[in-house]
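Q: Numbering (my numbering), first residue to last: 4 to 309.
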Ligand code: UDP
Ligand code: MG
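#1: Keeping to the same chain, check which residues put their C-beta closer than 6 angstroms to that of residue 204; ignore five residues upstream and five downstream.
#2: For residue 231 versus residue 118, is the C-beta spacing smaller than 8 angstroms?
#3: Given a cut-off of 8 angstroms on the beta-carbon distance, is the pair residue 77 and residue 179 in contact?
#4: For a test of the three-state rule: what should DSSP assign to residue 95, helix, strand or coil?
#5: In whole angstroms, what separates the C-alpha of residue 59 from that of residue 189?
#6: Would you decide whether residue 10 is buried or exposed? Buried here means 16 or more other CB atoms lie within 10 Å of its CB.
#7: Would you mind reading off the limits of the alpha helix (DSSP H) that contains residue 75?
#8: By Cβ distance, which residues of its chain are closer than 7 angstroms to residue 289, with the 5 residues on each side in sequence left out?
#9: Shorter than 7 angstroms, the distance from the beta carbon of residue 98 to the closest heavy atom of ligand 1, or not?
#10: Identify every residue that forms a DSSP beta bridge with residue 7.
#11: Given this structure, state the Cα-to-Cα distance separating residue 111 from residue 162, to the nearest angstrom.
#12: Taking a contact to mean a Cβ-Cβ separation below 8 angstroms, would you say residue 155 touches residue 123 in this structure?
#13: Going by CA-CA distance only, name the one from 275, 299, 99 that's closest to residue 170.
#14: So for residue 28, helix, strand or coil by DSSP?
#15: For residue 173, collect the residues of the same chain with a Cβ closer than 6 angstroms to its Cβ; drop the 5 residues on either side in sequence, then sort them by chain order.
#16: Could you check what DSSP says for residue 195 in three-state terms: helix, strand or coil?
#17: Can you confirm whether the stretch 128-139 touches the stretch 230-247 when touching is taken to mean that 3 or more C-beta pairs between the two stretches lie within less than 8 angstroms?
#18: Inspect the CB distances between the stretch 209-218 and the stretch 248-265 and report whether three or more fall short of 8 angstroms.
#19: Does the beta carbon of residue 308 fall short of 7 angstroms from some heavy atom of ligand 2?
#20: Could you name the residues that DSSP lists as bridge partners for residue 231?
#21: Grouping DSSP H, G and I as helix and E and B as strand, with all else coil, what is residue 158?
#22: Between residue 207 and ligand 1, is the CB less than 7 angstroms from at least one heavy atom?
#23: Alpha carbon to alpha carbon, how far is residue 106 from residue 127? Give it in angstroms, no decimals.
In structure tokens:
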């Protein structure tokens with residue numbers, strides 16, 4: 004049994020046609036498939052459409068309705084948590100079907116060949132507006148610069164085996180960024196490329212505000228490297244200040260200075276460097292406290308022989 008988990012927030016414009024399209028590809032698939040819609044606290048007719056879809060295909064379609072809008076990432080997790088015990092694998096995809104559903108059979112094939120995590124990766128982003136495309140690219144690059152292990156151009160279209168999904172659920176953190184967490188799991192992985200389609204109806208449910216929040220989570224939940232950089236800059240500044248001290252004293256001895264210049268210059272550089280260094284050291288400790296406070300699992304067992 005394989006579950007498709009589809010988060011929906013105010014998706015009344017697309018839900019009916021998405022449901023039809025999804026159900027139409029199910030027939031040819033080599034697995035027993037169910038669709039689980041997660042209504043993420045919608046304020047429109049989304050839930051009643053899900054109920055209607057369920058009535059027309061009670062064996063295939065199911066829905067859960069969250070009590071309030073918790074955001075895409077948490078809604079996905081709610082869906083995964085709901086079906087993980089029944090599903091040998093779970094595929095997550097957006098309600099607007101911008102992620103090409105023709106990839107689903109390939110993902111399932113990979114799963115039966117023993118892959119635990121199949122990442123859907125966008126080949127090109129030509130269907131996205133220029134600004135969205137550009138900001139996303141900059142963000143992915145920034146993230147890898149900061150040392151996060153993420154898959155370039157992969158969003159939340161992926162298949163996870165039951166054991167990978169259970170491993171994911173063992174991460175108790177609140178600031179969810181699944182694209183960062185899933186690569187931490189390990190297991191056997193594979194990438195499937197696809198072309199991202201334009202949104203058929205309705206508007207994006209990711210306004211700039213939500214996008215920024217997600218991007219911030221994507222960096223601050225996975226790396227304390229910026230804190231480390233402060234420490235390095237502090238070191239560099241203290242080193243520079245030593246040179247400045249020598250230079251300032253020599254200038255002073257040669258009488259090429261005005262009153263007060265030497266002491267002022269030395270204080271500015273040396274004190275500034277010391278402050279940065281101290282901040283960096285504090286940052287290192289905060290980084291450790293932060294990492295500990297996440298209570299992340301230390302390892303995942305993939306196979307055993309007993
Ligand atoms: N979504 C959600 N909760 C939210 C925002 C979005 O469940 O608070 C869902 C939305 O219904 C869709 C998916 O997340 O299924 C991706 O949203 P959207 O397609 O609007 O994002 P975009 O493709 O524009 O990045
Ligand atoms: Mg979309």
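The C-beta atom is built at its ideal place from N, Cα and C for all residues, glycine as well. Note that this is a predicted model, so its numbers are computed, not measured.
A: In short, the structure shows the following:
#1: Excluding residues up to 5 positions away in sequence, 16, 17 lie with their Cβ nearer than 6 angstroms to the Cβ of residue 204 in the same chain.
#2: Between residue 231 and residue 118, the gap from beta carbon to beta carbon reaches 8 angstroms or more.
#3: The answer is yes: Cβ separation under 8 angstroms.
#4: Residue 95 falls in the strand class under three-state DSSP.
#5: Rounded to whole angstroms, the gap between the alpha carbons of residue 59 and residue 189 is 39 angstroms.
#6: With 16 or more Cβ atoms within 10 Å of its Cβ, residue 10 is classed as buried.
#7: Run containing residue 75: 75-86, per the alpha helix (DSSP H) assignment.
#8: Setting aside the 5 residues that flank it on each side, residue 289 is surrounded in the same chain by 230, each with a C-beta closer than 7 angstroms to its C-beta; the list follows chain order.
#9: Residue 98: yes, Cβ under 7 angstroms from ligand 1.
#10: Partner(s): 38, 94.
#11: Each residue's Cα considered, the two are about 8 angstroms apart.
#12: Cβ distance not < 8 angstroms, so residue 155 and residue 123 don't count as in contact.
#13: The shortest C-alpha to C-alpha distance from residue 170 to any of 275, 299, 99 is the one to 299.
#14: If DSSP states are grouped into helix, strand and coil, residue 28 belongs with the helices.
#15: Hits under 6 angstroms: 300.
#16: Under the three-state reduction of DSSP output, residue 195 falls in the strand class.
#17: Proximity of the stretch 230-247 to the stretch 128-139 falls short of the contact definition, fewer than three beta-carbon pairs being nearer than 8 angstroms.
#18: No: the two stretches stay apart, fewer than three of their Cβ pairs being nearer than 8 angstroms.
#19: The closest heavy atom of ligand 2 lies 7 angstroms or more from the beta carbon of residue 308.
#20: DSSP lists no partner for residue 231.
#21: DSSP, read as helix, strand or coil, puts residue 158 in strand.
#22: Correct: residue 207 has its Cβ closer than 7 angstroms to ligand 1.
#23: If I take the Cα positions, the gap works out to 15 angstroms.
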